[in-house]
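Visitor: Numbering (this note's numbering), first residue to last: 9 to 359. Each residue gets a CB set at the ideal place from its N, CA and C atoms; glycine is no exception.
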Amino acid sequence: MESPQKPSVSQMDSLCDSHAVFHALTGDELPEVHVKRSHRHRCACRSSACKRQRPCAKHEESFFSNPKNLFIAIPFLILFLLKIALEHSDGIWSVICLSMSFFYINQRIKNAACKFEPKWLACSTSAVGLLGLLCLQCAFRKEGVYRSLFCAPSYISSDDWVGLLWSILVTDFSLKLITMFLKSIVIALSPRPLGVYPRSVVLVWMEFASQIYRSIVPVVPWIRFLTELGISPRLNPTAVIVMFALIYVLLKIFSLWLLVSPIWSAFKSLNLTVPYSTVVGISSPEGEMCVLCFENRNQLSAALRCGHVFCKNCLDRWLIYFNECPVCSSKINDEFKDWRDGSTSRCVQLF
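Dropping the structure here:
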């Protein structure tokens with residue numbers, strides 16, 4: 009006995025179409041069997057009744073998924089930034105000039121400390137930078153930014169957050185330039201009153217003190233900004249001001265602790281005593297070279313506790329960056345080795 013032949017897809021589509029037309033004319037809904045069968049095969053008809061029964065795919069589109077939206081938004085964002093830049097062009101150019109001066113003078117001081125460049129170059133560039141800083145402070149004397157150098161409030165309105173950030177940036181770079189000028193003087197005067205190694209310790213102390221002071225300076229403008237509130241009288245302004253000031257002070261104490269704690273233990277061990285003994289004598293014979301410069305040792309040599317001898321100038325330059333012997337890698341000391349080359353931290357103290 010032959011099995012009944014299954015209807016083809018075209019026959020099912022025609023049947024679906026006839027049922028859809030009938031129920032569309034009568035106004036009745038499609039039966040459940042038709043709906044289930046329509047899910048098992050793709051209906052080839054284009055009737056409105058079948059289209060109504062097909063589930064509509066949800067078209068969810070985010071803003072960033074379509075590049076067209078970004079292309080539309082970017083010109084408006086650029087226009088907004090250009091408008092802000094034109095309004096504050098003087099302040100933006102002053103920050104750019106201060107930052108470029110900082111990076112250039114910082115590199116000159118590092119090279120002078122390591123004897124890669126003459127000392128007068130570091131002194132002259134830092135002096136020019138300090139002179140430019142004085143001109144900048146005179147140009148913006150109405151804003152009173154120079155008062156922030158001494159932890160005093162400036163003349164900028166306390167509710168102007170753009171002026172607040174600008175004054176903090178200018179003050180931070182100004183303190184960096186002053187610190188670098190003092191470092192260049194220390195480098196220019198050494199090694200006569202100080203040796204190269206004691207000088208590197210003094211440079212570390214200066215940088216540490218500068219970072220502590222630069223982190224304290226923004227407290228005054230931020231307290232002024234946080235305590236100037238234009239809130240509804242229903243709220244208690246005094247309570248809100250005290251809460252904001254207390255939160256800021258607690259966060260500031262925590263940030264100072266994060267700044268000081270990693271280096272305080274190593275900083276306490278810094279001393280001006282050199283970790284080697286000086287050997288004065290005739291030049292070394294042929295074959296006894298300094299492993300740092302690959303030349304015969306000078307008359308003034310330096311011997312470490314492990315017994316290895318080097319040129320004194322070479323060893324001084326080595327100890328600026330490393331705390332171990334160049335030959336056997338034995339530990340010389342556990343002192344803090346950052347900022348020994350006279351460099352200044354690039355971190356900006358905004359808060």
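Note down the Cα distance separating F348 from L266, rounded to an integer number of angstroms.
Guide: The sequence given here places Arg at residue 348; Phe does not occur at that position. If you take the alpha carbons of R348 and L266, they lie about 21 Å apart.
Visitor: What residues are listed by DSSP as bridge partners for M251?
Guide: Answer is none; M251 lacks a bridge partner.
Visitor: Could you pull out every residue in the same chain whose Cβ sits closer than 6 Å to the Cβ of Y154, ignoring the five residues on either side in sequence?
Guide: For Y154, where only same-chain residues beyond five positions count, the Cβ hits under 6 Å are Q145.
Visitor: Check whether the region 314-333 touches the region 90-101, taking contact to mean three or more Cβ pairs, one atom from each stretch, closer than 8 Å.
Guide: Touching, no.
Visitor: Give me the DSSP bridge partner(s) of K339.
Guide: In DSSP, K339 forms a bridge with E332.
Visitor: Suppose the cutoff is 8 Å on Cβ atoms and the five residues either side in sequence are ignored; what does the same chain contact list for E125 look like?
Guide: Cβ within range, chain order: R116 and N119.
Visitor: What runs of the alpha helix (DSSP H), each 4 residues or longer, lie entirely inside the region 82-157?
Guide: The qualifying runs are 97-121 and 127-147.
Visitor: Report yes if the CB atom of L172 is closer than 8 Å to the CB atom of P229, and no otherwise.
Guide: Contact: yes.
Visitor: Report back the beta-carbon spacing between N114 and T352 to the nearest angstrom; my notes put them in contact at under 8 Å.
Guide: That pair is a contact at about 5 Å.
Visitor: Ignore the nearest five residues each way along the sequence and tell me which others in W174's own chain have a CB closer than 6 Å to its CB.
Guide: Here the set comprises G99.
Visitor: In this structure, how does DSSP classify S353 when only helix, strand and coil are distinguished?
Guide: If DSSP states are grouped into helix, strand and coil, S353 belongs with coil.
Visitor: Could you check whether T187 and S218 sit closer than 8 Å to each other, using their CB atoms as the reference points?
Guide: The answer is yes: Cβ separation under 8 Å.
Visitor: Can you check which of these residues, S223, M251 and F252, is closest to I261 by C-alpha distance?
Guide: The shortest Cα separation from I261 among S223, M251 and F252 belongs to S223.
Visitor: With C-beta atoms as the reference, is A310 less than 8 Å away from F302?
Guide: No, these two residues do not count as a Cβ contact at 8 Å.
Visitor: Given a threshold of 16 other Cβ atoms within 10 Å of its Cβ, counted over all protein chains shown, does A160 qualify as buried or as exposed?
Guide: Counting Cβ neighbours within 10 Å, A160 comes out exposed, since fewer than 16 surround it.
Visitor: Please report how far the alpha carbon of V299 lies from the alpha carbon of I340, in whole angstroms.
Guide: In a straight line, the C-alpha of V299 is about 17 Å away from that of I340.
Visitor: Out of curiosity, what's the CA-to-CA distance linking A6 and L312?
Guide: Residue 6 falls outside the range modelled here, since the chain spans only 9 to 359, and no answer is possible.
Visitor: With DSSP as the reference, identify every bridge partner of C319, one or two as the case may be.
Guide: In the DSSP output, where bridge partners are listed per residue, C319 has S309.
Visitor: Using DSSP bridges, identify the partner residues of M297.
Guide: DSSP lists N304 as partners of M297.
Visitor: Need the endpoints of the alpha helix (DSSP H) that E215 sits in, please.
Guide: Its alpha helix (DSSP H) spans residues V204 to I224.
Visitor: Taking C-beta to C-beta, are I255 and L237 nearer than 8 Å?
Guide: No, the Cβ-Cβ distance between I255 and L237 is not below 8 Å.
Visitor: With H, G and I counted as helix, E and B as strand and the rest as coil, what does DSSP make of K345?
Guide: DSSP places K345 in coil when its eight states are reduced to three.
Visitor: Please report the distance separating the alpha-carbon of K345 from that of K127.
Guide: Answer to the nearest angstrom: the Cα atoms are 22 Å apart.
Visitor: What number of angstroms, rounded off, separates the C-alpha of F233 from the C-alpha of L106?
Guide: Using only the alpha carbons, I get a separation of about 24 Å.
Visitor: Taking buried to mean at least 16 other C-beta atoms within 10 Å of its own C-beta, is K76 buried or exposed?
Guide: K76 comes out exposed.
Visitor: Sort L183, V212 and S109 by Cα distance to P226 and report the nearest one.
Guide: The candidate whose alpha carbon is nearest that of P226 is L183.
Visitor: Taking I271 as the reference, give the member of L259, V212 and A247 with the closest Cα.
Guide: It is V212.
Visitor: Confirm, please, whether the CB-CB distance from C131 to R325 is below 8 Å.
Guide: No. Outside cutoff.
Visitor: Helix, strand or coil for V282 per DSSP?
Guide: Looking at V282 - three-state DSSP - the assignment turns out to be coil, as it is neither helix nor strand.
Visitor: Given a cut-off of 8 Å, decide if C355 and S338 are closer than it, judged by their beta-carbon atoms.
Guide: Their beta carbons are not under 8 Å apart, which means S338 does not touch C355 by this criterion.
Visitor: On the three-state DSSP scale, how would you describe A160?
Guide: In this structure, A160 counts as coil in the three-state DSSP scheme.
Visitor: Given S102, which residues of its chain have a CB within under 7 Å of its CB, disregarding the five upstream and five downstream residues?
Guide: Only L144 and V178 meet the Cβ criterion.
Visitor: Buried or exposed: E151, going by 16 or more other Cβ atoms within 10 Å of its Cβ?
Guide: It counts as buried.
Visitor: To the nearest angstrom, report how far apart P63 and F79 are at their CA atoms.
Guide: Bear in mind that the predicted position of P63 carries a pLDDT of just 48, short of 50, making it unreliable; the figure below should be weighed with that in mind. Their Cα atoms are separated by approximately 33 Å.
Visitor: Run the CB neighbour count on L87, radius 10 Å, all protein chains shown included, and call it buried at 16 or more, exposed below.
Guide: The residue is exposed, with fewer than 16 neighbouring Cβ atoms inside 10 Å.
Visitor: Output the boundary residues of the alpha helix (DSSP H) element that contains S182.
Guide: Counting along the chain, the alpha helix (DSSP H) containing S182 begins and ends at W169 to L197.
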